[in-house]
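In the order they appear, the protein sequences are chains A and B. Here the first sequence is numbered in my numbering, starting from 13 and rising by one per residue. Here the second sequence is numbered in my numbering, starting from 236 and rising by one per residue. A virtual CB, placed ideally from N, CA and C, is assigned to each residue, including glycine. Computed from a predicted model, the values in this text were never measured in an experiment. Reviewing the structure listed below.
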Amino acid sequence: MPHALFKKLSEAVLKMDEEAAVELSRKVLDEGLDAYSAIIEGLAEGMSQAGTLYDGGEYYVPELLLCADALYAGLDILRPHIKTGEAKFRGKVVIGVVEGDVHDIGKNLVKTMFEAEGWEVYDLGKDVKVERFSQEQQRVGACVVALSALMTTSMLAMPKIIESVKSADPGAIVLVGGAPLSPEIAAGYGADGYADTAKNAVVTARNLLSASNS
Amino acid sequence: MQKKRDSSKDRIGCLLSGQRIDRVPVSTFILGFAASATGCSTADIYSDPQKSFEAQLKTRDIYGYDSDPFFGYASYGAWEFGAKIRLPHGPYQQAPAVEGRLPVETEKDVEALELPKLACDGMLPGALPLALEFSRLQKKHGMRISVVLGGSFTVSVNIASEARLCRWMIRKPDLVHRILRVVTDHLVGVLTLWAEIFGAVNVVPQLWEPAASNQIISPGLFEKFVLPYQKELHEKTLELGINHILCHICGAHEKNLPFWREIPMGNPGIVSFGTEVPLRTAVRTFGSRCIIAGNIRPSTLQTGSKELVRTLCREAIENAKDAPNGFILMPGCEMPVNTPPSNLQAMIRASEEFGRY
Chain A
13 MPHALFKKLS EAVLKMDEEA AVELSRKVLD EGLDAYSAII EGLAEGMSQA GTLYDGGEYY
73 VPELLLCADA LYAGLDILRP HIKTGEAKFR GKVVIGVVEG DVHDIGKNLV KTMFEAEGWE
133 VYDLGKDVKV ERFSQEQQRV GACVVALSAL MTTSMLAMPK IIESVKSADP GAIVLVGGAP
193 LSPEIAAGYG ADGYADTAKN AVVTARNLLS ASNS
Chain B
236 MQKKRDSSKD RIGCLLSGQR IDRVPVSTFI LGFAASATGC STADIYSDPQ KSFEAQLKTR
296 DIYGYDSDPF FGYASYGAWE FGAKIRLPHG PYQQAPAVEG RLPVETEKDV EALELPKLAC
356 DGMLPGALPL ALEFSRLQKK HGMRISVVLG GSFTVSVNIA SEARLCRWMI RKPDLVHRIL
416 RVVTDHLVGV LTLWAEIFGA VNVVPQLWEP AASNQIISPG LFEKFVLPYQ KELHEKTLEL
476 GINHILCHIC GAHEKNLPFW REIPMGNPGI VSFGTEVPLR TAVRTFGSRC IIAGNIRPST
536 LQTGSKELVR TLCREAIENA KDAPNGFILM PGCEMPVNTP PSNLQAMIRA SEEFGRY
């Protein structure tokens, strides 16, 4: 059973209550509770539930953004207090909006979901040159590269990025997402996975990673 | 000298005036594709009205679709309210994008937001001088005049950013209402100017609304923030004497359709849909008062085979051909720059094959 405070933290995120997230995070520290557990069982759990509500059509982008604001407000307080060696990252992910595209709202939501789930995220931003993804994946040793595009023309950069990532590291997992994409197009581009929502992106990454490790 | 078009060949004009046509017209938002088809740059399409017009005219002559050349871009608003715009360049860009600081980044910016001055003697902001020049070319060639603007919400997003507007709709709704007020007044001002210059009955404005889709906002927020301003924009447009509005309801708007139904489109209006809204639903919702247009998925046009495009076009035609005010076969949004020519040809052939009346 999660601690009662962690449950409240989760609710604060789900209810988009940034002030409560701050107050409760401070209380976690004041009471000497474990910061990492508070993040995972509280803040991240709230964000995960928000993602579920989005998938179910109850929350939309405005609500998700405000949940993310509450999440980050709590993380800012709790993260510095994670004990060394305690935090086990699920993995490293390099994320960005592909070259030619400046629409980053979807990418930012995916980033939030990855961070909430305990991934180490390397965000390249938007309108990212093709070769940067592979360079960053190699630099940080990321196991996942996540590509986003909103424009039909800019998604054409994806197969080139996938080729460049895979030729440098055939074991790297590449996910794609964005309005013009579909599972068929993703497969045709050589991506390992496709996700239609931010939450699904993380679930897909987790599943692919676990399959590749087994 | 003004060239007069053979009106019997103007299928869309026939639909607008309630006349019979031989087959389903094919219309496209073709911009960057026209550049690649004719050898000019995509940037020219958005920055050189003469080149843009000629490229689009030549492309229409090559392929034989029905829609006229037009000038416009989806990020309308930012430049017109004082930001900078970057013309498309490189292999992966298809349209201008906003560069640098947006007109609205702080609450103070909202308070300071002013209507850009509009006068046809060179005092037009942003892309409007180019749009005006383009409209004069349309007039010269005897075409309908199509000024392209975003809906009130999309232009507000272009001015203030989607994320900012999303947060403010819940946290600071008054700021969003203030932006929407100024933007709506601006859009009505532009349409008033076009009606004065070209004659209201000759103007068929295009109002594109992608940002208010349910991929971004809930139907509840649509009702509160989009409906009142979009309705006012359309009502005031029609009060000017403009008879037809082409409203591009872009993206997933199915849950917003009850609200869109409250918005007048003209007599008849043209309502074009993205792939996300089934055409049968579109016909059921708007068919009695509007021409329905849509909705072949642009990414399929870009990446799919011509056989797949033909199949999708056939389905679209079968679903909407007999709409009371007619149907126009269109992509669900802009025809992608890199669409294989055979896929555009497949659209037109599908109309010839399956769209006969």
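Next on the checklist: Short of 8 Å Cβ to Cβ, which residues in the segment 448-472 of chain B face chain D?
Outcome noted: The question asks about chain D, but that chain is absent: this structure's protein chains are A and B.
Item to check | Within chain A, partners of V390(B) - CB distance below 8 Å | outcome: Simply none; closest approach about 16 Å.
Item to check | CB contact check: E111(A) to chain B, cutoff 8 Å | outcome: yes
Next on the checklist: Under 8 Å, with one C-beta from each stretch per pair, do the segment 509-529 of chain B and the segment 550-558 of chain B reach the 3-pair mark?
Outcome noted: yes
Checklist entry - Across which residues does DSSP place P566(B) in a beta bridge pair? => result I531(B)
Item to check | Cβ shell of G361(B) (< 6 Å), same chain only, five flanking positions each side left out | outcome: W314, E315
Checklist entry - Does the beta carbon of I526(B) sit closer than 8 Å to a beta carbon anywhere in chain A? => result no
Checklist entry - Per DSSP, what kind of secondary structure is Q441(B) in: helix, strand or coil? => result strand
Next on the checklist: On a Cα-Cα basis, can you pick out the residue from V383(B), G377(B), V438(B), R584(B) that is closest to H483(B)?
Outcome noted: V383(B)
Checklist entry - Within 8 Å (strictly less), CB to CB, does I173(A) reach chain B? => result no
Checklist entry - For the segment 160-190 of chain A, which residues have a CB atom closer than 8 Å to at least one CB atom of chain B, in sequence order? => result Cβ contacts with chain B: M163, T164, T165, S166, M167, L168, A169.
Item to check | N554(B) and R591(B) closer than 8 Å at C-beta | outcome: no
Checklist entry - DSSP three-state call for C482(B): helix, strand or coil? => result strand
Next on the checklist: Checking the sheet assignment: what are the DSSP bridge partners for F306(B)?
Outcome noted: V382(B)
Checklist entry - Just to confirm, are G1(A) and G190(A) a CB contact at a threshold of 8 Å? => result In the structure as shown, chain A starts at 13 and stops at 226, and residue 1(A) therefore has no counterpart that could be examined.
Next on the checklist: Quick check on the DSSP output: the alpha helix (DSSP H) that includes A555(B) runs from which residue to which?
Outcome noted: 541-555
Next on the checklist: Here's the rule: buried if 16 or more other CB atoms are within 10 angstroms of the residue's CB, otherwise exposed. What is P408(B)?
Outcome noted: exposed
Checklist entry - By a C-beta neighbour count over all protein chains shown, 10 Å radius and 16 as the cutoff for buried, is Q329(B) buried or exposed? => result buried
Checklist entry - Under the rule that 16 or more other beta-carbon atoms within 10 Å means buried, what is M28(A), buried or exposed? => result buried
Item to check | Terminal residues of the beta strand (DSSP E) in which K104(A) lies | outcome: K104(A) -> beta strand (DSSP E) spans 104-109.
Item to check | Interfacial residues, the segment 60-77 of chain A to chain B, with Cβ spacing under 9 Å | outcome: G69, E70, Y71, Y72, V73, P74, E75, L76, L77
Checklist entry - Between the Cα of L193(A) and the Cα atoms of N225(A), N212(A), S160(A), which residue gives the shortest distance? => result S160(A)
Next on the checklist: Which same chain residues end up closer than 7 Å to A169(A) when comparing Cβ atoms and leaving out the 5 residues on each side of it in sequence?
Outcome noted: Excluding residues within five positions, the ones whose Cβ falls inside 7 Å are V110, E111, G112, V142.
Item to check | Interface positions of the segment 287-301 of chain B facing chain A (Cβ-Cβ less than 7 Å), listed along the chain | outcome: Within the segment 287-301 of chain B, no residue qualifies.
Item to check | Among K138(A), D116(A), A213(A), A32(A), nearest to L87(A) - alpha-carbon criterion | outcome: Selected option, being the one with the closest Cα: A32(A).
Checklist entry - If you measure beta-carbon to beta-carbon, which residues of the segment 375-404 of chain B are closer than 7 Å to chain A? => result E397, A398, C401, R402, M404
Checklist entry - Taking the C-alpha atoms as reference points, what is the distance between S310(B) and E444(B)? => result 11 Å
Checklist entry - Just by C-beta distance, which residues in the segment 508-536 of chain B are closer than 7 Å to chain A? => result P533, S534
Item to check | Buried/exposed call for S453(B), threshold 16 Cβ in 10 Å | outcome: buried
Checklist entry - Which two residues bound the contiguous beta strand (DSSP E) that contains I94(A)? => result Here I94(A) belongs to no beta strand (DSSP E), and DSSP marks it neither H nor E.
Checklist entry - Which chain A residues are close to G267(B), counting only those with a beta carbon under 9 Å from its beta carbon? => result T165
Checklist entry - Fully enclosed by the segment 322-394 of chain B, which alpha helix (DSSP H) runs are 4 residues long or longer? => result 342-347, 363-375
Item to check | CB contact check: P575(B) to chain A, cutoff 8 Å | outcome: no
Item to check | DSSP bridge partner residues for R591(B) (one or two, in chain order) | outcome: The bridge partners DSSP lists for R591(B) are R258(B).
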